[in-house]
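Participant: Protein chains in written order, with the working numbering: chain W, 30 to 184; chain A, 30 to 184.
Number of protein chains: 2
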Amino acid sequence: MTSDEKFMKAALAEAKKAAAEDEVPVGAVIVKDQKIIARAHNKKEKNGCAVDHAEVLAIKKATKKTGNWWLEGCTLYVTLEPCAMCAGAIVNSRLDRVVYGAKDPRFGFLGSLATLDEDYPLNHKFQKQSGVLGEECSSVLTAFFAAKRAKSKKN
Amino acid sequence: MTSDEKFMKAALAEAKKAAAEDEVPVGAVIVKDQKIIARAHNKKEKNGCAVDHAEVLAIKKATKKTGNWWLEGCTLYVTLEPCAMCAGAIVNSRLDRVVYGAKDPRFGFLGSLATLDEDYPLNHKFQKQSGVLGEECSSVLTAFFAAKRAKSKKN
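(1) Do VAL127 (chain W) and PHE36 (chain W) come within 9 Å of each other at the CB atom, strictly closer than that value?
(2) Taking only the alpha-carbon atoms, compute the straight-line gap between GLN158 (chain W) and LEU145 (chain A) and give it to the nearest angstrom.
(3) Quick one: which residues of the stretch 117-146 of chain A get their C-beta closer than 9 Å to a C-beta of chain W? List them in chain order.
(4) Can you tell me whether DSSP reads ARG178 (chain W) as helix, strand or coil?
(5) Mapping the DSSP letters down to three states, classify VAL85 (chain A) as helix, strand or coil.
(6) The beta strand (DSSP E) that contains LYS61 (chain A), what's its start and end?
(7) With a threshold of 16 other CB atoms inside 10 Å of the CB of MET30 (chain W), please say whether the residue is buried or exposed.
(8) Is GLU74 (chain W) close to chain A? Criterion is C-beta to C-beta, closer than 9 Å.
(9) Using CA atoms only, rank isn't needed, just tell me which of W:ASN184, W:LYS180 and W:ARG68 is closest to THR108 (chain W).
(10) With 16 as the cutoff for other CB atoms within 10 Å, does PHE174 (chain A) come out buried or exposed?
(11) Out of A:ALA79, A:PRO134 and A:VAL55, point me to the one whose CA is closest to SER122 (chain W)'s CA.
(12) Could you tell me how far apart the beta carbons of ALA40 (chain W) and VAL58 (chain W) are, in whole angstroms, since I believe they sit closer than 8 Å?
(13) Would you tell me roughly how many angstroms separate the C-alpha atoms of LEU162 (chain A) and MET114 (chain A), rounded to the nearest one?
(14) What do you get for THR104 (chain A), buried or exposed, if any count of 16 or more other CB atoms within 10 angstroms of its CB means buried?
(15) Where does LYS130 (chain W) fall in DSSP's three states?
(16) Is the Cβ-Cβ distance between ARG86 (chain W) and LYS61 (chain W) less than 9 Å?
(17) Give a yes or no on whether 9 Å exceeds the smallest Cβ distance from TYR106 (chain A) to chain W.
(18) Beta carbons nearer than 7 Å to chain W: which residues of the stretch 65-92 of chain A have them?
(19) Taking all protein chains shown into account, do 16 or more other C-beta atoms lie within 10 angstroms of the C-beta of ASP81 (chain A), making it buried, or fewer, making it exposed?
(20) Would you give the residue range spanned by the alpha helix (DSSP H) that ALA49 (chain W) belongs to?
(21) Would CYS112 (chain A) count as contacting chain W if we go by Cβ distances under 9 Å?
(22) Using a Cβ-Cβ cut-off of 9 Å, state whether PRO150 (chain W) counts as contacting chain A.
(23) Put SER159 (chain A) into one of helix, strand or coil per three-state DSSP.
(24) Any idea if LYS177 (chain A) is buried or exposed, counting beta-carbon neighbours within 10 angstroms, 16 or more meaning buried?
(25) Beta-carbon separation of GLU165 (chain A) and LYS154 (chain A) under 9 Å?
(26) Taking only three categories from DSSP, how would you classify ALA69 (chain A)?
(27) Which two residues bound the contiguous beta strand (DSSP E) that contains CYS103 (chain A)?
(28) Against chain W, does ASN97 (chain A) count as a neighbour if the rule is that its beta carbon must be under 9 Å from one of theirs?
(29) Is it buried or exposed, ASN184 (chain W), if we count other Cβ atoms within 10 angstroms and call 16 or more buried?
(30) What residues in its chain sit with their C-beta under 8 Å from that of CYS112 (chain A), if we drop five residues either side in the sequence?
(31) Taking CB distances under 9 Å as the criterion, tell me whether CYS115 (chain W) reaches chain A.
(32) Could you tell me the alpha carbon to alpha carbon distance between LEU124 (chain W) and LEU170 (chain W), rounded to whole angstroms?
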């Protein structure tokens, strides 16, 4: 298992916590010096706020831990391609690198609809990699929505 | 004074609070049924987190107040054109309308670099208006940065 896969496994564990809480299962971790400094999962429904995606919550935890909004030397691992809001939060927080699992053709802003830091002349660019444990990340989402559909058919 | 100008004045008062706290002076309010339900200003430095722009903090307060992530019937007033992160947060939170004061040619995602909800096939579109008390909103920012430059020349 590569180091990227190991950290994506930790993000997947967060995604599974989200599923257990009936949230769209997306999980994220932030890594610095090969150590996880923040773990978070989507809490949109629980917190009643559409800002509370896994990536934003992980960034907030990481800045609290480091005491600095500038997340230099940090890598974000997230199970699903970030949306425009989260891609913007990554640019604003100056993360060095983003690794994601499944692509999001509907809302993804790091390769699907756009690649935020490459398509626009913003003040920060970062490395990115997709498809790490992509099938596993994708299947957690597929299973969640299939169970939702099955439940709504029963009712 | 129009109703839009009245609410932008309240956003400007928030921007001035940010300036007093040595934060880039951007302020925002969220209005529902002609009443302000949330007021916030940029707290990036104080909170040590680049996610804590005025718009995001206002959205979080508004959802806490309404108990719903879906900010239907709400208008966001903000002194500066929202960045990609904030434009994404507006889409995710389904605000009906956004009114902003000054344009942001470097980072603005509601008319300058892009118009997020119009340029991409996202699942929410909203009304938008720019230039409401634009000069006043702009001059708060200009004065802040001029004072910063003068101070750094002295030191």
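Every residue, glycine too, gets a C-beta built ideally from N, C-alpha and C.
Quantities reported herein were computed from a predicted structural model and do not represent experimental measurements.
Facilitator: This is what the structure holds:
(1) If you check the CB distance, PHE36 (chain W) and VAL127 (chain W) do not come in under 9 Å.
(2) 24 Å
(3) GLY117, ALA118, ILE119, VAL120, ASN121, SER122, ARG123, ARG135, PHE136, PHE138, LEU142, ALA143 and LEU145
(4) helix
(5) VAL85 (chain A): helix per DSSP, three-state reduction.
(6) 56-61
(7) exposed
(8) yes
(9) W:ARG68
(10) exposed
(11) A:ALA79
(12) 5 Å
(13) 23 Å
(14) buried
(15) Just to set this straight, residue 130 (chain W) is Gly in the shown sequence, not Lys. DSSP places GLY130 (chain W) in strand when its eight states are reduced to three.
(16) The question names Arg, but residue 86 (chain W) is Leu in the sequence shown. Contact: no.
(17) no
(18) Those residues of the stretch 65-92 of chain A placed with their C-beta closer than 7 Å to a C-beta in chain W are LYS73, GLY77, CYS78, ALA79, VAL80, VAL85, ILE88, LYS89 and THR92, ordered along the chain.
(19) Note on ASP81 (chain A): 16 or more other CB atoms within 10 angstroms of its CB, so buried under the neighbour-count rule.
(20) 32-49
(21) At least one CB atom of chain W sits nearer than 9 Å to the CB of CYS112 (chain A).
(22) yes
(23) strand
(24) exposed
(25) no
(26) strand
(27) 103-109
(28) yes
(29) exposed
(30) So the qualifying residues of the chain are HIS82, ASP133, PHE136, GLY137 and PHE138.
(31) yes
(32) 25 Å
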